[in-house]
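One structure is given here, and the rest of the page talks about it.
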Amino acid sequence: VSGVRQRTLAKARTLLEALPYMREHFGRTVVVKLGGASLEDPRLVERFAEDVALLRMVGVRPVVVHGGGKQVTALSERLGIRPEFRDGLRVTNAETLEVARMVLVGSVNKGLVGHVNRAGVPALGLCGEDGNLLLARQRHEDLGFVGDIQTVNVELLRHLMESAVPVLASVATDGRGQSFNVNADDAAAAVAVALGAAKLVMLTDVPGVLRDDELVSEMAASEAEALIEAGVVTGGMVPKLRAAAASVAGGVERAHIVDGRVEHALILELFTREGMGTMLTAGAPEPPGMVVDVGEEAVS
Ligand SMILES: Nc1ncnc2c1ncn2[C@@H]1O[C@H](COP(=O)(O)OP(=O)(O)O)[C@@H](O)[C@H]1O
Ligand SMILES: [Mg+2]
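Laid out in structure tokens, this is it:
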């Protein structure tokens, strides 16, 4: 057999290696959360958009939820607003809320939508205010307009998923005119639980959950709080790990915290044997702070 033929066969085999995973994920919902680092580098965003397009083309139902903390901080500083965080959450006064909404909904969301569209599948950029997709209420006075998601408008989201990939900015509403800044990890977890997603994949700027500089490749959701209490997990990883644990406790089969700085991290995670990052599986007692109502009132 000629060299060319060999290479062609090798390509076919590579494609076929993904077949069992495609079969596993076919028709299932995968919620992907995109964090700051992967949003900063246009090359990475392009690779990510290609991955999303591929997922959609092989019959997976992806939903993208994004943050953009770094971008919010950058514009805040240009406007002379000093960002403040508590337990990894941005303290959000009215001014910061306005900036977050401008940056996440106006800029980051549309950038991402453009990339996915160019990768060949239609993307629909939305935030929780559109069609009351994400209804929230204030988490705590001390955090200002930081919201906890109470209800996801599942019927509308499912309807939209028929024709496009929803790309959601993590801004929610109380349904009466007040917007809320929601941590994007929390938003992604709430959406994943409400949709009954098979997987939640969180792309971030570290290899996963680290303990003594080593990657924790697998853990039970029930171990999350202990890692936070022990001070192993701090900063932005606190809401992320809590959200991942809550999603699994809420019925999502697996949650993955993955290095978004790696090109094509998403399809490597989904379609290859080598799992990446940290995988959380069930085994958690009821986690606090996450109530997701998918009942009748979710429908507007
Ligand atoms: N044990 C830990 N393992 C990994 N990351 C950690 C840990 N403790 C704190 N972190 C911090 O959490 C950050 C990820 O959260 P965040 O900055 O909010 O990113 P994202 O934009 O992806 O949400 C990491 O960059 C790291 O600085
Ligand atoms: Mg974060």
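Going left to right, the sequence shown walks through residues 639 to 938 as the working numbering numbers them. Quick reminder that beta carbons are idealized off the backbone N, C-alpha and C, glycines included.
Pairwise C-alpha distance: residue j and residue i
| i | j | result |
| --- | --- | --- |
| Phe783 | Ala859 | 28 Å |
| Met875 | Ala648 | 40 Å |
| Ser817 | Leu771 | 12 Å |
| Val696 | Leu904 | 14 Å |
| Ala825 | Val703 | 7 Å |
| Arg796 | Gly665 | 12 Å |
| Ser893 | Leu833 | Before going further, note that residue 893 is Ala rather than Ser in the sequence given. Rounded to the nearest angstrom, the two C-alpha atoms are 14 Å apart. |
| Ala656 | Val900 | 19 Å |
| Gly641 | Leu906 | 27 Å |
| Ser676 | Thr842 | 7 Å |
| Ser938 | Leu794 | Unreliable placement is indicated for Ser938, whose pLDDT of 35 sits below 50; no coordinate value is reported for it. |
Exposure label - residue i; buried when at least 16 CB within 10 Å
| i | result |
| --- | --- |
| Asp768 | buried |
| Phe909 | buried |
| Lys837 | buried |
| Glu912 | exposed |
| Thr916 | buried |
| Pro923 | Unreliable positioning characterises Pro923 in this predicted model, as indicated by a pLDDT of 46, which lies under 50. A coordinate reading is not provided. |
| Phe686 | buried |
| Asp689 | buried |
| Arg849 | exposed |
| Arg645 | exposed |
| Arg630 | Residue 630 is absent from the structure shown; the chain starts at 639 and stops at 938. |
Closer than 6 Å: residue i CB and nearest ligand 2 heavy atom
| i | result |
| --- | --- |
| Gly873 | no |
Reference residue i, options the options, closest by Cα
| i | options | result |
| --- | --- | --- |
| Ser627 | Leu742, Pro760 and Asp725 | The structure shown does not extend to residue 627, since the chain is modelled only from 639 to 938, so the question has no answer here. |
| Val805 | Pro658, Arg645 and Pro700 | Pro700 |
| Arg775 | Pro760, Asp812 and Leu794 | Asp812 |
| Gln709 | Ala920, Gly744, Met914 and Ala656 | Gly744 |
| Val886 | Arg724, Ala862, Pro845 and Leu750 | Ala862 |
| Glu779 | Arg724, Val829 and Leu750 | Arg724 |
| Ala884 | Ala827, Ser855, Ile866 and Val820 | Ala827 |
| Ile895 | Leu677, Gly673, Tyr659 and Arg720 | Gly673 |
Ligand 1 heavy atom lying under 6 Å from the CB of residue i
| i | result |
| --- | --- |
| Asp786 | no |
| Thr711 | no |
| Asp725 | no |
| Asp768 | no |
| Thr730 | no |
| Asp843 | yes |
Open item on the list: Tell me whether the stretch 664-672 and the stretch 716-730 touch, counting them as touching only if at least three CB pairs, one residue from each stretch, are closer than 8 Å.
Closed with: no
Task: Stretch pair the stretch 788-802 + the stretch 837-849: three plus CB contacts closer than 8 Å - done: no
- [ ] Specify whether the stretch 786-793 and the stretch 753-765 touch according to this definition: at least 3 beta carbon pairs, one from each stretch, less than 8 Å apart.
- [x] no
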